[in-house]
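If you read the protein sequences in the order shown, they are chains A and B.
According to my numbering, the first sequence holds residues 341 to 678 in order.
According to my numbering, the second sequence holds residues 341 to 678 in order.
Quick reminder that beta carbons are idealized off the backbone N, C-alpha and C, glycines included.
There are 2 protein chains.
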Amino acid sequence: MSTTLEEIARQAGVSRSTVSRVMNDHPSVDQDTRARVRSVAERLNYQPNVAARSLAAGRTNILGLVIPMGVSALFTDPYFPLLIQGISSACNANEHSVMLWLAEPEYERRMIRQVLQGGLIDGVILASALMDDPMLEAMRRRGLPFIMVGRLPTDNDISYVDVDNVNSAREMVSYLLRIGHRRVATIAGPANMIAGSDRFMGYRQALRARGVAFDPALVVEADFTEEGGYVAMQRLIPVRPDAVFVASDAMAVGALRALREAGLRVPGDIAIAGFDDIPFAARTDPPLTTVRQPIQRMGSIAAETLIDMISHPHPQPRRVILPTELVIRESSGSPVSR
Amino acid sequence: MSTTLEEIARQAGVSRSTVSRVMNDHPSVDQDTRARVRSVAERLNYQPNVAARSLAAGRTNILGLVIPMGVSALFTDPYFPLLIQGISSACNANEHSVMLWLAEPEYERRMIRQVLQGGLIDGVILASALMDDPMLEAMRRRGLPFIMVGRLPTDNDISYVDVDNVNSAREMVSYLLRIGHRRVATIAGPANMIAGSDRFMGYRQALRARGVAFDPALVVEADFTEEGGYVAMQRLIPVRPDAVFVASDAMAVGALRALREAGLRVPGDIAIAGFDDIPFAARTDPPLTTVRQPIQRMGSIAAETLIDMISHPHPQPRRVILPTELVIRESSGSPVSR
DNA sequence: TGCTATCATGGGAGCGCTCCCATGAAGAGG
DNA sequence: CCTCTTCATGGGAGCGCTCCCATGATAGCA
Numbered sequence: 341m342s343t344t345l346e347e348i349a350r351q352a353g354v355s356r357s358t359v360s361r362v363m364n365d366h367p368s369v370d371q372d373t374r375a376r377v378r379s380v381a382e383r384l385n386y387q388p389n390v391a392a393r394s395l396a397a398g399r400t401n402i403l404g405l406v407i408p409m410g411v412s413a414l415f416t417d418p419y420f421p422l423l424i425q426g427i428s429s430a431c432n433a434n435e436h437s438v439m440l441w442l443a444e445p446e447y448e449r450r451m452i453r454q455v456l457q458g459g460l461i462d463g464v465i466l467a468s469a470l471m472d473d474p475m476l477e478a479m480r481r482r483g484l485p486f487i488m489v490g491r492l493p494t495d496n497d498i499s500y501v502d503v504d505n506v507n508s509a510r511e512m513v514s515y516l517l518r519i520g521h522r523r524v525a526t527i528a529g530p531a532n533m534i535a536g537s538d539r540f541m542g543y544r545q546a547l548r549a550r551g552v553a554f555d556p557a558l559v560v561e562a563d564f565t566e567e568g569g570y571v572a573m574q575r576l577i578p579v580r581p582d583a584v585f586v587a588s589d590a591m592a593v594g595a596l597r598a599l600r601e602a603g604l605r606v607p608g609d610i611a612i613a614g615f616d617d618i619p620f621a622a623r624t625d626p627p628l629t630t631v632r633q634p635i636q637r638m639g640s641i642a643a644e645t646l647i648d649m650i651s652h653p654h655p656q657p658r659r660v661i662l663p664t665e666l667v668i669r670e671s672s673g674s675p676v677s678r
Numbered sequence: 341m342s343t344t345l346e347e348i349a350r351q352a353g354v355s356r357s358t359v360s361r362v363m364n365d366h367p368s369v370d371q372d373t374r375a376r377v378r379s380v381a382e383r384l385n386y387q388p389n390v391a392a393r394s395l396a397a398g399r400t401n402i403l404g405l406v407i408p409m410g411v412s413a414l415f416t417d418p419y420f421p422l423l424i425q426g427i428s429s430a431c432n433a434n435e436h437s438v439m440l441w442l443a444e445p446e447y448e449r450r451m452i453r454q455v456l457q458g459g460l461i462d463g464v465i466l467a468s469a470l471m472d473d474p475m476l477e478a479m480r481r482r483g484l485p486f487i488m489v490g491r492l493p494t495d496n497d498i499s500y501v502d503v504d505n506v507n508s509a510r511e512m513v514s515y516l517l518r519i520g521h522r523r524v525a526t527i528a529g530p531a532n533m534i535a536g537s538d539r540f541m542g543y544r545q546a547l548r549a550r551g552v553a554f555d556p557a558l559v560v561e562a563d564f565t566e567e568g569g570y571v572a573m574q575r576l577i578p579v580r581p582d583a584v585f586v587a588s589d590a591m592a593v594g595a596l597r598a599l600r601e602a603g604l605r606v607p608g609d610i611a612i613a614g615f616d617d618i619p620f621a622a623r624t625d626p627p628l629t630t631v632r633q634p635i636q637r638m639g640s641i642a643a644e645t646l647i648d649m650i651s652h653p654h655p656q657p658r659r660v661i662l663p664t665e666l667v668i669r670e671s672s673g674s675p676v677s678r
């Protein structure tokens with residue numbers, strides 16, 4: 341069905357090896373020969389067989405993207421679509437392909453084996469792992485290059501791309517305190533997710549820096565979903581905070597809904613700040629003050645870094661921390677208005 | 341690094357061929373031999389090399405999922421995440437893997453070649469193609485098994501999974517008319533997308549069936565995004581419809597925002613109905629009347645059907661139409677209340 | 001008992017490629 | 001003019017698997 345190296349070789353009057361060299365941009369090929377082979381390959385619409393190449397060379401130019409679905413909620417918020425877009429786009433630009441695994445718990449074992457062995461994959465991007473993800477141990481034992489999106493506090497020999505969740509959250513909460521809010525509550529993310537616990541840590545650091553006592557009554561944990569944010573806010577309303585730092589925009593949307601239903605004005609009665617700057621954050625009522633994190637760029641950089649790790653193995657882990665940005669909109673209230 | 345067939349064979353005291361038969365559940369292997377081989381394979385944690393298998397057998401057990409990103413908006417609405425989840429889950433259950441291509445126009449040519457040739461992929465799921473997608477022609481020329489999510493009106497020898505957009509839209513608009521709305525407008529999807537034009541067709545059929553004259557002033561086309569729905573609604577407000585059938589929930593969310601800003605009550609002043617039943621539709625203010633389409637199931641069925649097509653080639657195209665469901669919430673108003 | 005069907009198993013060929021080593025031609029240097 | 005290097009090229013081996021055919025062994029039947 342499809343053309344082979346041998347066929348190109350025959351038609352170009354050279355050997356299989358020479359064609360292979362041309363296809364892989366090997367230096368020592370004569371200019372004329374190269375051109376001739378190229379033109380034949382072009383004419384026959386030649387495409388190297390991925391399986392054969394991978395079998396012979398041990399590389400596939402395929403990256404695995406593993407997204408644990410234990411926290412299935414994550415797929416209703418635009419985080420993963422954006423991340424995938426970034427990864428896919430970087431892979432396209434670097435002649436790689438993306439293999440996607442949504443890690444459903446019931447298939448986890450099989451998947452781990454398939455991902456790690458079988459040689460299908462040159463490296464793995466592990467997105468948003470729980471702190472105790474079993475993939476991790478398997479990966480490092482296997483020695484397959486991999487990179488995480490989101491840092492892992494317990495391990496300091498693992499490569500990752502992340503934003504500085506602690507400092508970003510701290511800055512946001514500091515901002516809320518600075519513009520005059522006194523009782524600042526938080527709707528935190530799950531404690532077993534790094535982003536959740538880091539943002540909560542930032543919240544506490546901001547309080548401490550300003551000499552505000554930490555009050556456990558002002559903390560509710562939720563699961564990063566809209567519904568979770570809604571329920572959490574309902575529990576927070578009786579406590580009457582001035583402002584709430586919500587650890588994700590999706591939850592903030594839920595919180596706004598709870599406040600609207602309770603007849604409370606935002607930011608008049610309670611101010612709200614989120615985290616992520618999902619596209620919808622600019623269009624909530626009122627528009628959401630939030631922390632912008634470059635999700636798509638994190639995906640691109642993760643892919644690019646992994647590709648580089650594969651071609652230039654290096655014992656040290658790579659770390660990339662991308663900057664965030666406070667996006668001040670109306671939901672946090674203004675210093676003037678208070 | 342990883343164990344090979346030959347190694348298993350050696351340790352189990354049989355030949356490579358026998359091990360291969362055991363691994364592929366070939367019938368003619370002695371029970372004892374089979375058990376012995378299985379246990380050795382288990383012990384050595386054997387995983388067949390995908391590249392080698394695929395090279396020898398010509399199958400890879402990998403499905404390609406191609407999502408054209410021309411309409412990039414689609415990734416901000418939960419349609420694709422849900423679709424991907426359905427596909428991935430069916431693949432997991434059937435021992436297949438998913439290769440993801442977000443088809444950015446600038447890489448389109450390269451991608452088409454890679455997808456179609458190279459033997460990496462057993463079949464392709466093409467999601468939400470435009471009516472004139474260049475992938476299509478390439479696919480059918482190549483003869484690679486493929487299935488679309490979303491039908492294609494111009495081609496009747498292509499396999500697809502879809503909902504009946506025309507009838508679903510017709511039912512929704514009929515419902516709006518039946519409960520007493522007179523001037524029913526529509527915010528339509530893009531005319532070059534099948535779902536867009538089908539739903540618009542359903543709108544017109546419903547009017548005709550009820551003997552209501554079609555009024556072009558009551559139609560605004562948008563691009564399936566929240567922002568698009570917002571702008572479209574602003575243009576529709578001066579026309580003063582009683583109700584608006586919005587061709588997607590994402591756009592309906594935008595429409596609600598425009599109405600809120602204009603100080604109009606829903607459904608009191610203008611009733612709204614959407615399409616999709618995205619998770620957020622139940623939580624808009626007011627909750628959105630919409631058409632529920634089983635997005636995740638469409639994904640699963642597309643994958644399952646494709647897998648079946650690959651193992652049982654068959655000249656006739658397969659078609660699956662999944663049922664939709666009217667979900668009546670508050671945004672459409674009630675017959676009683678009017 | 002002899003002859004053919006059936007079954008379990010082994011071994012060779014080959015999938016399309018990359019990598020290594022061998023080869024011959026051409027250029028460099030004394 | 002001969003040897004030494006450099007460069008372009010060819011060919012063999014082999015990646016790990018599947019598939020086909022051959023081979024014994026066993027069973028079935030007259």
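Next on the checklist: With the cut-off set at 8 Å, would you say B/GLU644 and B/ASN401 are in Cβ contact?
Outcome noted: Residue numbering aside, residue 644 of chain B sits at position 304 when the second sequence is read from its first letter. Residue numbering aside, residue 401 of chain B sits at position 61 when the second sequence is read from its first letter. No, Cβ-Cβ distance for B/GLU644 and B/ASN401 is not below 8 Å.
Checklist entry - Between which two residues does the beta strand (DSSP E) carrying A/PHE486 extend? => result The residue labelled residue 486 of chain A in the question sits at position 146 within the first sequence. Looking at the DSSP string, the run of the beta strand (DSSP E) that includes A/PHE486 is 486 to 489.
Checklist entry - Can you find a heavy atom of the ligand NAD that lies under 7 Å from the Cβ of A/PRO493? => result The ligand NAD is not among the ligands present in this structure, which contains no ligands whatsoever.
Next on the checklist: Can you tell me whether A/TYR500 is helix, strand or coil according to DSSP?
Outcome noted: Here residue 500 of chain A refers to the residue found at position 160 when the first sequence is read from its first residue. Assignment of A/TYR500 by DSSP, reduced to helix, strand and coil, places it in the strand class.
Item to check | Assigned exposure category for B/ARG522 - 16 Cβ within 10 Å defines buried | outcome: Locating residue 522 of chain B in the second sequence gives position 182, where the first residue counts as 1. Exposed, since its Cβ has fewer than 16 Cβ neighbours within 10 Å.
Checklist entry - Quick one, which of B/ARG659, B/ARG580, B/ASP589 and B/THR629 has its alpha-carbon nearest B/ASP609's? => result Numbered from 1 along the second sequence, position 269 holds the residue referred to as residue 609 of chain B. If we check each option's Cα against that of B/ASP609, B/ARG580 comes out closest.
Item to check | B/PHE420: contacting residues in chain A (beta-carbon distance under 8 Å) | outcome: In the second sequence, residue 420 of chain B corresponds to position 80, counting from 1. Near B/PHE420 (Cβ distances below 8 Å), the residues of chain A are PRO421.
Item to check | Chain-ordered chain B contacts of A/SER429 [CB-CB under 8 Å] | outcome: Here residue 429 of chain A corresponds to residue number 89 of the first sequence, with the count starting at 1. Against A/SER429, the close residues of chain B are LEU442 and GLU444, in the order they occur along the chain (beta-carbon pairs closer than 8 Å).
Item to check | Three-state secondary structure (DSSP) of A/PHE554 | outcome: As a first step, residue 554 of chain A is located in the first sequence; it is residue number 214 there, counting from the start. Of the three classes helix, strand and coil, the one that applies to A/PHE554 here is coil, per DSSP.
Next on the checklist: Is the separation between the beta-carbon of A/GLY614 and that of A/ASP582 shorter than 8 Å?
Outcome noted: The sequence position of residue 614 of chain A within the first sequence is 274, counting from 1. The sequence position of residue 582 of chain A within the first sequence is 242, counting from 1. Against a cut-off of 8 Å, the Cβ pair of A/ASP582 and A/GLY614 comes out as no contact.
Next on the checklist: Please tell me whether A/ILE527 and A/MET573 are closer than 8 Å, where the distance is taken between their beta carbons.
Outcome noted: Locating residue 527 of chain A in the first sequence gives position 187, where the first residue counts as 1. Locating residue 573 of chain A in the first sequence gives position 233, where the first residue counts as 1. Yes.
Checklist entry - Tell me which same chain residues have a C-beta within less than 6 Å of the C-beta of B/ALA352, skipping the five on either side of it? => result The sequence position of residue 352 of chain B within the second sequence is 12, counting from 1. Excluding sequence neighbours, B/ALA352 sits near ARG376, VAL377 and VAL380.
Next on the checklist: With three or more C-beta pairs closer than 8 Å as the rule, is the stretch 623 to 634 of chain A touching the stretch 644 to 655 of chain A?
Outcome noted: no
Item to check | Meets three-Cβ-pair contact criterion under 8 Å: the stretch 509 to 521 of chain B and the stretch 660 to 677 of chain B | outcome: yes
Next on the checklist: Nearest by alpha-carbon distance to B/LEU576: which of B/ASP502, B/ASP555, B/GLU566 and B/ALA525 is it?
Outcome noted: In the second sequence, counting from the first residue as 1, residue 576 of chain B sits at position 236. Among B/ASP502, B/ASP555, B/GLU566 and B/ALA525, the Cα nearest to that of B/LEU576 belongs to B/ALA525.
Item to check | Under the three-state DSSP convention, the category A/ARG597 falls into | outcome: Here residue 597 of chain A is taken as the residue at index 257 of the first sequence, counted from 1. Helix, per DSSP.
Next on the checklist: With distance defined between alpha-carbon atoms, name the residue in B/ALA602, B/ARG637 and B/GLY536 nearest to B/LEU492.
Outcome noted: As a working mapping, residue 492 of chain B is identified with position 152 in the second sequence. Measuring from the Cα of B/LEU492, the nearest candidate turns out to be B/GLY536.
Next on the checklist: Under 8 Å, Cβ to Cβ, is there at least one residue of chain A near B/ALA642?
Outcome noted: What you label residue 642 of chain B is simply residue 302 of the second sequence in a count that begins at 1. No, B/ALA642 lies away from the interface with chain A (no Cβ there is under 8 Å from its Cβ).
Item to check | Per-residue contacts from A/ASN434 into chain B (C-beta, under 9 Å) | outcome: Working through the first sequence from its first residue, we reach residue 434 of chain A at position 94. Within chain B, no residue comes near A/ASN434; the closest Cβ sits about 11 Å away, beyond 9 Å.
Checklist entry - A/GLY458 versus chain B: which residues are under 7 Å apart at the beta carbon? => result Residue 458 of chain A sits at position 118 when you count from the first residue of the first sequence. Those are GLN387, PRO388, ASN389 and VAL390, listed as they occur along chain B.
Checklist entry - If you draw a straight line from the C-alpha of A/VAL586 to the C-alpha of A/LEU596, how long is it? => result Locating residue 586 of chain A in the first sequence gives position 246, counting from the first residue. Locating residue 596 of chain A in the first sequence gives position 256, counting from the first residue. Between A/VAL586 and A/LEU596, the C-alpha separation is close to 10 Å.
Checklist entry - What first and last residue would you give for the beta strand (DSSP E) that runs through B/LEU384? => result If you number the second sequence from 1, residue 384 of chain B lands on position 44. No beta strand (DSSP E) holds B/LEU384; DSSP gives it neither H nor E.
Checklist entry - In three-state terms, what does DSSP make of B/PHE540? => result Counting from 1 along the second sequence, the entry for residue 540 of chain B is found at position 200. In this structure, B/PHE540 counts as helix in the three-state DSSP scheme.
Checklist entry - If you compare alpha carbons, which of B/ASP502, B/SER514 and B/VAL559 is closest to B/GLY490? => result Here residue 490 of chain B corresponds to residue number 150 of the second sequence, with the count starting at 1. Per the Cα distances, B/ASP502.
Checklist entry - According to the neighbour-count rule (16 or more other Cβ atoms, all chains shown, within 10 Å of its Cβ), is B/HIS436 buried or exposed? => result Numbered from its first residue, the second sequence carries residue 436 of chain B at position 96. When all chains shown are included, B/HIS436 counts as buried.
Item to check | A/GLY483 to B/MET439 span [Cα, whole Å] | outcome: The count along the first sequence starts at 1 and reaches residue 483 of chain A at position 143. The count along the second sequence starts at 1 and reaches residue 439 of chain B at position 99. Roughly 23 Å separates the two Cα atoms.
Item to check | A/THR494, DSSP secondary structure in three states | outcome: Position 154 of the first sequence, counted from the first residue, corresponds to residue 494 of chain A. Coil at A/THR494, not helix or strand.
Checklist entry - What residues from chain A crowd round B/THR400, counting only those whose CB sits closer than 9 Å? => result By one-based count along the second sequence, residue 400 of chain B stands at place 60. Result: VAL390, ALA391 and LEU460.
Next on the checklist: Let me see if you follow: with CB-CB separation under 8 Å, is A/ALA349 close to chain B or not?
Outcome noted: Looking up residue 349 of chain A in the first sequence gives position 9. No, because no Cβ of chain B sits closer than 8 Å to the Cβ of A/ALA349.
Checklist entry - Near B/GLN636, what residues of its chain come up, given a Cβ to Cβ distance below 6 Å and the 5 sequence neighbours on each side ignored? => result As a working mapping, residue 636 of chain B is identified with position 296 in the second sequence. For B/GLN636, where only same-chain residues beyond five positions count, the Cβ hits under 6 Å are LEU422, GLN425 and GLY426.
Checklist entry - Of all the CB atoms in chain B, is at least one closer than 8 Å to the CB of A/PHE620? => result The residue you call residue 620 of chain A lines up with position 280 of the first sequence. It does: the Cβ of A/PHE620 has a partner Cβ on chain B nearer than 8 Å.
Item to check | Interface partners of A/SER394 on chain B, CB under 7 Å | outcome: Counting from 1 along the first sequence, the entry for residue 394 of chain A is found at position 54. Here the neighbours are ALA391.
Checklist entry - So, helix, strand or coil for A/VAL334, using DSSP? => result Only positions 341 to 678 of chain A appear in this structure, which leaves residue 334 of chain A out of reach.
Item to check | Span separating the alpha-carbon of A/ALA553 from that of A/LEU547 | outcome: Sequence index remark: in the first sequence, residue 553 of chain A carries index 213 (1-based). Sequence index remark: in the first sequence, residue 547 of chain A carries index 207 (1-based). Near 7 Å, if we compare the C-alpha coordinates of A/LEU547 and A/ALA553.
Checklist entry - According to the Cβ coordinates, are A/TYR447 and B/ASN432 closer than 8 Å? => result Along the first sequence, read from residue 1 onward, the residue named residue 447 of chain A stands at position 107. Along the second sequence, read from residue 1 onward, the residue named residue 432 of chain B stands at position 92. Yes, these two residues count as a Cβ contact at 8 Å.
Next on the checklist: On the criterion of 16 or more Cβ atoms from any shown chain inside 10 Å, does A/ALA349 qualify as buried, or is it exposed?
Outcome noted: For this step, residue 349 of chain A is matched to residue 9 along the first sequence. By the neighbour-count criterion, in which a residue is buried when 16 or more other Cβ atoms sit within 10 angstroms of its Cβ, A/ALA349 is buried.
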